[in-house]
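Input: a single structure, listed below in structure tokens.
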Amino acid sequence: MRQPWRVAIVGGGITGLAAAVRLRDRAPAGTEITVYEQSGALGGKLRTGELAGQPVEFGAESFLMRDPAGGESAAVALARRLGLADEIVHPTVGQAALAVDGGLRPIPGGTLVGVPGDLAQVTTVAQPDADADRDTGRPLLAPGADVSVGALVRSRLGDQVVDRLVDPMLGGVYAGRADDLSLVTTMPALAHSARTEHTLVGAVRAAQAAAPRAPGTPVFGTLAGGLSRLVEAAATAGGATIRRDAAVRELTPTATGWQLTVGPTRDPESVEVDAVVLAVPARPAARLLAGIAPETAATVGALDYASVALVTLALPEPALPALSGFLVPATEGLLIKASTFFTTKWGHLARPDGLALVRASVGRYGEEASLQVTDADLVAAVHRELSTVLAAPLPAPVASHVQRWGGALPQYTPGHPDRVAAARAALRGAHPTLALAGAGYDGVGIPVCVRSGATAAEEIITALGGSVA
Ligand SMILES: Cc1cc2nc3c(=O)[nH]c(=O)nc-3n(C[C@H](O)[C@H](O)[C@H](O)COP(=O)(O)OP(=O)(O)OC[C@H]3O[C@@H](n4cnc5c(N)ncnc54)[C@H](O)[C@@H]3O)c2cc1C
Numbered sequence: 123m124r125q126p127w128r129v130a131i132v133g134g135g136i137t138g139l140a141a142a143v144r145l146r147d148r149a150p151a152g153t154e155i156t157v158y159e160q161s162g163a164l165g166g167k168l169r170t171g172e173l174a175g176q177p178v179e180f181g182a183e184s185f186l187m188r189d190p191a192g193g194e195s196a197a198v199a200l201a202r203r204l205g206l207a208d209e210i211v212h213p214t215v216g217q218a219a220l221a222v223d224g225g226l227r228p229i230p231g232g233t234l235v236g237v238p239g240d241l242a243q244v245t246t247v248a249q250p251d252a253d254a255d256r257d258t259g260r261p262l263l264a265p266g267a268d269v270s271v272g273a274l275v276r277s278r279l280g281d282q283v284v285d286r287l288v289d290p291m292l293g294g295v296y297a298g299r300a301d302d303l304s305l306v307t308t309m310p311a312l313a314h315s316a317r318t319e320h321t322l323v324g325a326v327r328a329a330q331a332a333a334p335r336a337p338g339t340p341v342f343g344t345l346a347g348g349l350s351r352l353v354e355a356a357a358t359a360g361g362a363t364i365r366r367d368a369a370v371r372e373l374t375p376t377a378t379g380w381q382l383t384v385g386p387t388r389d390p391e392s393v394e395v396d397a398v399v400l401a402v403p404a405r406p407a408a409r410l411l412a413g414i415a416p417e418t419a420a421t422v423g424a425l426d427y428a429s430v431a432l433v434t435l436a437l438p439e440p441a442l443p444a445l446s447g448f449l450v451p452a453t454e455g456l457l458i459k460a461s462t463f464f465t466t467k468w469g470h471l472a473r474p475d476g477l478a479l480v481r482a483s484v485g486r487y488g489e490e491a492s493l494q495v496t497d498a499d500l501v502a503a504v505h506r507e508l509s510t511v512l513a514a515p516l517p518a519p520v521a522s523h524v525q526r527w528g529g530a531l532p533q534y535t536p537g538h539p540d541r542v543a544a545a546r547a548a549l550r551g552a553h554p555t556l557a558l559a560g561a562g563y564d565g566v567g568i569p570v571c572v573r574s575g576a577t578a579a580e581e582i583i584t585a586l587g588g589s590v591a
């Protein structure tokens with residue numbers, strides 16, 4: 123292999139940047155790393171903006187502190203690697219609510235994404251069908267099987283637990299429906315315990331016992347100043363050449379690596395590299411793979427995405443409850459599916475002038491039409507619905523922002539992990555110097571994306587001849 127290695131990372135989201143950092147840390151000194159980002163900014167779905175003079179997240183807001191398998195999450199490890207561990211802050215108000223039956227009720231504790239480990243704890247919002255969760259003498263999930271979260275929970279605990287608890291909690295993350303989403307991908311710890319446990323409540327308890335959380339340890343963290351700091355620090359530490367406004371339009375295998383066609387059709391640039399980390403969402407990945415590995419491209423491109431809009435309002439001294447926010451079950455018939463009271467939830471954002479920043483997430487999978495209105499109409503609808511849910515007229519916003527994320531949240535249907543494994547195996551066999559990474563494959567959360575990027579970097583290092591460390 124020629125030295126120095128030349129590695130292209132396609133996609134400047136957190137996955138691609140995490141891959142750059144890992145390559146910088148583990149590939150031979152002098153490795154030429156280039157990140158190609160089609161937009162004018164790095165970060166992808168991590169985007170810290172400003173409203174009413176305050177940094178505010180227009181995309182992802184926070185990351186899980188712990189890895190489901192134990193220990194700190196990959197996002198925390200990355201922040202530590204980048205010298206930002208001391209800048210991690212945690213919610214000062216953790217309690218959120220569910221908007222059900224026209225009022226707000228605290229989200230019950232002791233659940234795994236709404237699936238109860240103690241039925242008595244959830245009866246304030248949903249009546250479980252306790253008789254259905256009987257031990258039939260065999261595990262809930264057969265080896266290798268996957269199922270939708272909704273199908274499993276409906277069959278064991280009835281519709282209310284799904285519709286009023288699990289669905290809004292999953293919807294808050296994926297903008298998707300529990301009846302469509304893969305248990306193995308969206309709730310891996312529960313899927314794992316369901317392969318040995320005979321009841322759903324037993325499986326939740328086993329999953330909780332496998333990763334016990336010391337009381338008082340924070341679940342979520344973010345960075346003071348915003349998540350774009352993680353993006354900037356990763357871009358610097360990766361020591362990569364950053365190419366913004368540089369869409370990769372074609373990938374062609376060569377005798378020794380890859381040729382990338384970059385930039386506008388009228389003025390394309392051709393680049394030769396030894397290896398590629400493809401860290402873009404599934405659809406652009408499928409387009410780039412189509413000419414190289416059509417079957418893999420078809421598998422990758424079959425992943426569907428939900429679109430959402432985030433509407434942030436700056437409200438002068440509104441009367442907000444002491445909650446981090448609320449989730450809305452789809453059955454309530456509201457446009458808002460989740461809302462975060464930023465300045466209540468995050469103490470470091472609290473303002474002496476009493477101005478509150480409230481963000482609402484709008485749009486569910488399959489309901490894209492609800493987003494096809496003007497920004498002004500979205501702001502008005504969110505303001506109206508917030509007043510209804512809070513049962514108090516809110517003051518008019520002094521500023522507002524609408525961030526639209528078209529096709530942004532992957533909808534992992536049952537069998538997703540097997541499809542990804544098959545796609546990767548096929549690609550690895552034919553093209554070991556091309557690695558797939560990102561939310562389209564391994565999971566949506568920032569820590570999972572960071573790990574996915576780092577793993578792809580390791581694969582490339584192995585394919586090119588091994589690491590230096
Ligand atoms: C509204 C919203 C809120 C979220 N909130 C949270 C949260 O609070 N916590 C959490 O853990 N996760 C959250 N997520 C999920 C998380 O942010 C994403 O899953 C993660 O950031 C995806 O990172 P990525 O790098 O894989 O992809 P992306 O962020 O999509 O980055 C991919 C990049 O590739 C670029 N690209 C695409 N095609 C090309 C091409 N041909 N050439 C060059 N570049 C290309 C894109 O412009 C983009 O910058 C949220 C997601 C959304 C949409």
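Numbering (my numbering), first residue to last: 123 to 591.
Yeah, the Cβ is synthetic: ideal placement off N, Cα and C, and Gly gets one too.
*asked:* Could you tell me the alpha carbon to alpha carbon distance between Pro-334 and Gly-239, rounded to whole angstroms?
replied: Each residue's alpha carbon lies about 13 Å from the other.
_When you compare the CB positions of Val-129 and Leu-586, do they come within less than 9 Å of one another, or not?_
Yes.
*Hey, how far is the Cα of Pro-340 from the Cα of Thr-358?*
So the two alpha carbons sit approximately 28 Å from each other.
*Are at least three pairs of beta-carbons, each pair with one atom in the segment 214-228 and one in the segment 165-181, less than 8 Å apart?*
At 8 Å Cβ cutoff, the stretches do not touch.
_Inter-stretch contact (C-beta, 8 Å, three-pair minimum) for the segment 470-488 and the segment 390-406_ = Contact between the segment 470-488 and the segment 390-406 is not established, with fewer than three Cβ pairs separated by less than 8 Å.
*Between the C-alpha atoms of Ser-509 and Arg-486, what's the straight-line distance to the nearest angstrom?*
Rounded to whole angstroms, Ser-509 to Arg-486 spans 21 Å at the Cα level.
*When the Cα atoms are used, what is the spatial distance from Gly-293 to Ala-300?*
Whole-angstrom Cα-Cα distance: 8 Å.
*Going along the chain, which residues of its own chain have a beta-carbon closer than 8 Å to the beta-carbon of Val-222, five neighbours each way excluded?*
Answer for Val-222: Val-247, Arg-286, Pro-451 and Glu-454, listed in chain order.
*Kindly confirm or deny that the segment 191-208 and the segment 257-277 touch, where touching means at least three C-beta pairs closer than 8 Å.*
With a cut-off of 8 Å, the segment 257-277 and the segment 191-208 do not count as touching, because too few Cβ pairs lie within range.
_Per DSSP, the bridge partner or partners of Leu-449_ = Per DSSP, Leu-220 and Ala-460.
_Taking DSSP's pairing of strands, which residues face Gln-176 in a bridge?_
Leu-173, per the DSSP bridge assignment.
*Pull up the distance between the alpha-carbon of Val-244 and that of Ala-513, whole angstroms please.*
A direct Cα-to-Cα measurement between Val-244 and Ala-513 gives close to 23 Å.
*Asp-289: buried (16+ other C-beta within 10 angstroms of its C-beta) or exposed?*
With 16 or more Cβ atoms within 10 Å of its Cβ, Asp-289 is classed as buried.
*Same chain, Cβ closer than 8 Å to Ala-415, five either side skipped, listed in chain order*: Excluding five sequence positions before and after Ala-415, the CB atoms of its chain that fall closer than 8 Å to its own CB belong to Ala-548, Leu-549, Ala-552 and His-553, given in chain order.
_Residues that Gly-225 bridges to, as DSSP identifies them_ = Gly-225 pairs with Val-222.
*Which residue from Leu-139, Gly-162 and Leu-437 puts its Cα closest to that of Thr-156?*
Ranked by Cα distance from Thr-156, the options Leu-139, Gly-162 and Leu-437 are led by Leu-139.
_Stretch pair the segment 570-579 + the segment 535-548: three plus CB contacts closer than 8 Å_ = Contact check between the segment 570-579 and the segment 535-548: fewer than three CB pairs, one atom from each, fall below 8 Å, which does not count as touching.
*Between the beta-carbon of Gln-125 and the beta-carbon of Gly-152, is there less than 9 Å?*
With contacts defined by Cβ atoms closer than 9 Å, Gln-125 and Gly-152 form a contacting pair.
*Could you pull the start and end residues of the alpha helix (DSSP H) that Glu-507 belongs to?*
In the DSSP assignment, Glu-507 falls within the unbroken alpha helix (DSSP H) covering 497-511.
*Assign Gly-236 to buried or exposed, taking buried as 16 or more other Cβ atoms, counted over all protein chains shown, within 10 Å of its Cβ.*
Burial state of Gly-236 is buried, judged by a 10 Å Cβ sphere holding 16 or more other Cβ atoms.
*What do you get for Val-392, buried or exposed, if any count of 16 or more other CB atoms within 10 angstroms of its CB means buried?*
At residue 392 the sequence reads Ser, which differs from the Val that was named. With a threshold of 16 other beta carbon atoms within 10 Å, Ser-392 falls short and is exposed.
*Does at least one heavy atom of ligand 1 sit under 8 Å from the Cβ of Thr-137?*
With a threshold of 8 Å, the Cβ atom of Thr-137 counts as near ligand 1, since some heavy atom of the ligand is closer than that.
*Taking Cβ positions, are Gly-234 and Ala-336 nearer each other than 9 Å?*
Contrary to the premise, residue 234 reads as Leu rather than Gly in this sequence. No, Cβ-Cβ distance for Leu-234 and Ala-336 is not below 9 Å.
*Return the first residue and the last residue of the alpha helix (DSSP H) that Ser-315 is part of.*
Where Ser-315 is concerned, the enclosing alpha helix (DSSP H) starts and stops at 310-316.
*Less than 8 Å between the CB of Pro-406 and some heavy atom of ligand 1, yes or no?*
Between ligand 1 and Pro-406, a heavy atom-to-CB distance of less than 8 Å is present.
*Quick one: does the C-beta of Leu-164 sit closer than 8 Å to a heavy atom of ligand 1?*
Yes, ligand 1 has a heavy atom inside 8 Å of this Cβ.
_C-alpha gap between Thr-465 and Arg-473, whole angstroms_ = A direct Cα-to-Cα measurement between Thr-465 and Arg-473 gives close to 7 Å.
*Straight-line CA distance for Gly-133 to Arg-256?*
The alpha-carbon of Gly-133 is positioned some 47 Å away from that of Arg-256.
*Looking only at its own chain, which residues have a Cβ that is under 6 Å from the Cβ of Gly-298, when we skip the five neighbours before and after it?*
Here the set comprises Ala-428, Tyr-487 and Gln-533.
*Figure out for me which residue from Gly-360, Val-504 and Val-295 has the closest Cα to the Cα of Leu-456.*
Per the Cα distances, Val-504.
_Excluding the 5 residues flanking Thr-258 on each side, which residues of the same chain have their C-beta closer than 8 Å to its C-beta?_
Correct list, in chain order: His-320.
*Out of Glu-489, Thr-418 and Gly-175, which has the shortest C-alpha to C-alpha gap to Ala-436?*
If we check each option's Cα against that of Ala-436, Gly-175 comes out closest.
*Leaving out the 5 sequence neighbours to the left and right, which residues in its chain are closer than 8 Å to Ala-431 when beta-carbon positions are compared?*
Contacts found: Ser-483, Val-484, Gly-485, Leu-493, Leu-500, Val-524, Gln-525, Arg-526 and Trp-527.
_Bridge partners for Gly-165 per DSSP, in chain order?_
Bridge partners of Gly-165: Gly-135.
*Mind checking which residues open and close the beta strand (DSSP E) that includes Ile-364?*
It spans 363-365 - the beta strand (DSSP E) in which Ile-364 sits, taken as one unbroken run.
_Where His-470 falls, given that 16 or more other Cβ within 10 Å makes a residue buried_ = Burial call: exposed.
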